[in-house]
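Chains as they are written, first to last, in the numbering used here: chain A, 46 to 360; chain B, 30 to 729. From the three backbone atoms N, C-alpha and C, an ideal C-beta is built for every residue, glycine too. What follows is a short report on a single structure.
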Amino acid sequence: MISYLIRRILQLVPVLLVASIAIWAMLYAVPGGPVAMIVGQDASQEQIDAATRELGLDRPLVVQYGDWVANAVTGDLGKSIFSKEPVVKLIGQRLPATIQLAVFSLLIALVIGIPIAIISALNPGTWIDRVLSSWSALALAVPTFWLGILLVLLFAVELRWLPSASRYVPFWSAPLDAMRNTFLPALTLGVYVSGILARFLRASLVGELRADYVRTARSKGLPERQIVGGHIMRNALIPFVTIVGLMLANFLGGSVVTEVVFTYPGLGRLLVQAISTRDYPLIQGIILVIIVIFMLINLAVDMLYAYIDPRIEHS
Amino acid sequence: MKSTGTNNLSHAVKKPDTDAVLSVRDLTVSFFTNGKQVPVVRAIDLDVFANEVHCIVGESGSGKSVTSLAVTGLLPVTATVSGSIRLNGIEVNKADDETLRNMRGRDVGFIFQDPATTLNPVMRVGRQITEGQVVHGLLAASDAPGRAAELLTEVDIADPQGRVTQYPHQFSGGMRQRAVIAMAMSGRPNLIVADEPTTALDVTVQAQVLSVLLQRQQALGSAIILITHDLGVVAEVADRVSVMYGGSIVESGTVQDIFDHPCHPYTAALLRSVPRIDAGDDRLETIPGQPPTPAELPSGCVFHPRCALGANKARCQTERPQLRGFGSGQMTACHFAEEMQPDRPAPPARAATQTRRADMKPLLEVDDIKVHFPVKKGILQRTVGWVRAVDGVSLRVHPGETVSLVGESGCGKTTFARAIMGLLDVNAGDVRFDGHSIVGLGRRAMRPVRRQMQYVFQDPYSSLNPVLSAADIVAEPMRLHGLFEDMGGDKRIAELFEMVGLSPSMMGKYPHEFSGGQKQRLGIARTLGLKPRLLILDEPVAALDVSIQAQILNLLQDIQRELDLGYLFISHNLSVVRHISDRVAVMYLGKLVEQGACDEIYENAAHPYTLSLLSAAPISNPGMRNQRARIILRGEIPNPASPPSGCRFHPRCFRATDICRAQAPELATQAGLKTTSICHHAGPLDPNEIALASQPKAEQ
């Protein structure tokens, strides 16, 4: 198991290497580049040269890349051009907000998605299955920004139960306030993803219900509840874990549209700001963090597989 | 641990107790499909008594499995069931769900076909064995692990304490099926329903599993309903037999009566269409056509379109025969049973085996080939060992000759065939086709050779592309080689269809419109398009019904005679191999342990493994049951990554001595023996040997 874990982590190194080259090269692939951003359109050649030297862009490419990686590894992703703050600090301020929103959203998606999937899988072809399947289709079809605006109009403007603009309140400092502030964006994201999860889990459950071991369980005279809970669920969870992991990674990568609609101070909105101000070090930093999050969640999913499915060999 | 033992599978036919455990009257089951009720089981009567094995025999679609599910109320809700089913005094058809649920855990045990899927892959075996008992309150949860180990001991599983906490994938196929038997027996049920319990298993494992099943049944005095299509298994274990066809029972009686004087033309024809392991026969009698599907049952007697006796008899086409008494104790559903020929005609003797001319050049020469796969381990995935899937095999196939490769699953048969085709890399040795070496040929150089060697796959259902028409499927290889027009285009396709017995009018149809047998004909037509000289047939009839299997075997023989093809025939079915082969090679753990002329292998085998295989294979003759003691191999094929020292067979061999453990035997034809084998102690089976073999050996 440990050897498997180490091997999996080592396998991440080349992925990270390729990703880092791509992120770093972005600086040169985009017209304009950071120098033009700093010195402005009417700058003289001297000003341009000075800025280029200041940013170290006159050195050989290999040295520049090596420097960048060496700094990134020690946790230095450079300074934001726009705010002059260290990139790591800026990301560090926003990441907890994004994690809190992601966890809430996922919980809502699971709470809605799993019961829908189970109920419709156990009653295939009935009216209740059709109603619940339509819910999934609807949840997927409604654009998140539109649902977000609708929810704001209803709960914030009309009913005045919840704030229209969501602040980030850490859950452990003020749980109730945190929930009030995160509920609407989390619901918006959760509803959408619940549609994906419900469809996926339903298909998985329907497949498992036809499996031979279910017939075996019935032949032993097990009650239906125990067949679903004890036998089918664990098997159906194996493919389901993948999709849940992907969704969580997606949330953590920043839910740009929803964060903008609710003016929520998360990673997504920071990325949008960074792009609109061409703040290259910040863009690079955020994308690098998102890639690392994706890889870690994938690793966690694979480890979880090993826990759920005894057939996976690790040695 | 003793490595071998003997067991007599049979037990005397007992006089049934007066009260039936299961009593079925006028049972009809239909499914609602495509807007109408389709009857799958039609008005059957069945009585099963304690202490008896009642076999239900039939081909696919005959309704045998549906019957077994109906008697315990396990059918899906889409099924409509009418008639009376009394099980242990409970009227199943009227009972509520809770009553049925209780009955299943206590009074009935189930064994299903495929042990690979019957058990839940993510639950520990011990828990699966006892959870039914725990739910029904017959066993305290705290006693469950101990009880599970006890039950595993009863089905001969070594280290039961350790096995209880393992998962199904850690069990071999035979062990899984024994665990399922333990599970089915856990509540000491008075009825066991076993649906094709050994179909997915090798013969040696089948013998182990059937032996365990019968031992447990005798210990508990249960009744068994055993559903099977394998007449050999019926002959070995049944007390009474019901033959099903088209949803009805067409004949029932004691096993001896059914085999000695069948009183329904279907039973008689079925018995004649099975190749026999105990006699070489030249050509199989077939039943024309194919079994009916429930949606399109013929009028009158369901068998009349395929029946020789009923041909041109108006009554058979209009009036459905009822099951009626015939002779002493037999039942038949045939209007004209009295007109049947009473004696089963002796199988036509095999024509003198055509001897190969000594000067004839072999088509395929394989010399000492090895196919090894690396085993990788650790963080750096270093190669730490090799799976020796094929480890030095030599073989010749001549034009017009059938050479069969037999052995248990995992012995390397298919790897060997794929390596010959160039689909796998060969690590050592040489393969020559028509005198030219084809090992390591590049893609381009291999193309013209591959034209002449074609592969027929086991599963006709998944080996045909479902979106291509039948004509396109057959044309595809010719098109890939750019030879379609040269070889005659559509005219050639029509010719091929006729050659394999398909009407050219079916050329525009798609695979799903063909039956299993027709699909396999299509698969054969596809390989013949390029005028090959060698066919590699990998279990070509294993997925087919008995009556269809005979048709395909005859077709293969006809084509071979017509085109002078060489066949490399891979199979685990020893009866089929005896029927079709000129020569037979027996493979064990990557090596050929014995080879020789077909009849010599079956009558004068000298290698203990061949002897064990032959002894484990069921014989379709219930009279032989008590006259034949069998060697039941213990254990399974060892892991080919670490084969045993010396002779690879020694841990399971009843003749093993010290030299076998120390030194690998050489291939040799020993004086006085008619086959070539690798064994230190080759020789025919001594009658005393079986008695010796059953004595326990010292632990090693």
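Straight-line spacing of the CA atoms in G652/B and R217/B works out to 31 angstroms. Residue pairing by DSSP places Y484/B opposite I565/B in a beta bridge. Within chain B, the residues F141, D143, T146, T147 have their CB atoms less than 7 angstroms from the CB of D257/A, given in chain order.
From the beta-carbon of N131/B, the residues of chain A found nearer than 8 angstroms are G266. In the DSSP assignment, M212/B falls within the alpha helix (DSSP H) that extends over 202-214. Residue pairing by DSSP places D420/B opposite K399/B in a beta bridge. Under the 8 angstroms criterion on CB atoms, T287/A is classed as non-interfacial with respect to chain B. Only those residues of the stretch 484-515 of chain B whose C-beta falls short of 8 angstroms from the nearest C-beta of chain A would be listed, and there are none. Among the residues of chain B, those whose CB is under 9 angstroms from the CB of Q271/A are E160, V164, following chain order. Between the stretch 227-241 of chain B and the stretch 647-666 of chain B, the count of Cβ pairs shorter than 8 angstroms is three or higher; the stretches touch. Residue state for H276/A is assigned as helix, using DSSP reduced to three classes.
Between A308/B and C627/B, the alpha-carbon positions lie close to 11 angstroms from each other. The bridge partners DSSP lists for T62/B are K65/B. With the rule of 3 Cβ pairs closer than 8 angstroms, the stretch 548-564 of chain B counts as touching the stretch 481-492 of chain B.
Within the same chain, and ignoring the five residues on either side of T194/B in sequence, the residues whose Cβ sits closer than 7 angstroms to its Cβ are R153, G155. Here DSSP, grouped into helix, strand and coil, assigns V214/A to coil.
A direct Cα-Cα distance of roughly 16 angstroms separates D143/B from S89/B.
A straight line joining the alpha-carbon of Q145/A with that of A351/A spans about 27 angstroms. Sequence-distant partners of R245/B (beyond 5 residues in either direction) whose C-beta falls short of 6 angstroms from its own C-beta, in its chain, are M214. Listed as beta-bridge partners of V432/B by DSSP are L597/B, R612/B. Exposure of E542/B is indicated by the presence of fewer than 16 other C-beta atoms within 10 angstroms of its C-beta.
Counting only runs that start and end inside the stretch 202-261 of chain A, the alpha helix (DSSP H) elements of at least 4 residues fall at 220-254. For W415/B, the beta-bridge partners assigned by DSSP are P403/B.
Residue burial is scored here from C-beta neighbours: P477/B has fewer than 16 other C-beta atoms within 10 angstroms and is therefore classed as exposed. If you compare the alpha carbons of P294/B, S271/B, P304/B, S302/B with that of V331/B, the shortest gap goes to P294/B.
Only I353, D354, P355 from the stretch 344-355 of chain A bring a Cβ to less than 9 angstroms from some Cβ of chain B. Closer than 8 angstroms to the CB of G134/B there is at least one CB belonging to chain A. Selection S532/B, Q481/B, A211/B, P304/B evaluated against A499/B yields S532/B as nearest (Cα-Cα). Contact between L151/A and M292/A is confirmed by a C-beta separation of about 7 angstroms, below the 8 angstroms threshold. Under the DSSP definition of a beta bridge, K538/B lacks any partner. Only residues of its own chain outside the window of five on either side were considered, and among them R279, L282, I283, V286 have a CB closer than 8 angstroms to the CB of I353/A, listed in chain order. Contacts between M273/B and chain A, judged by CB atoms closer than 7 angstroms, are missing: the closest CB pair is about 21 angstroms apart. Taking the C-beta atoms as reference points, R356/A is found no nearer than 8 angstroms to P327/B. Scanning chain A for C-beta atoms nearer than 7 angstroms to the C-beta of M214/B yields nothing, as the closest lies near 12 angstroms away.
Between A345/A and I338/A, the alpha-carbon positions lie close to 10 angstroms from each other. Relative to the Cα of G102/B, the nearest Cα in the group T698/B, R130/B, A700/B belongs to R130/B.
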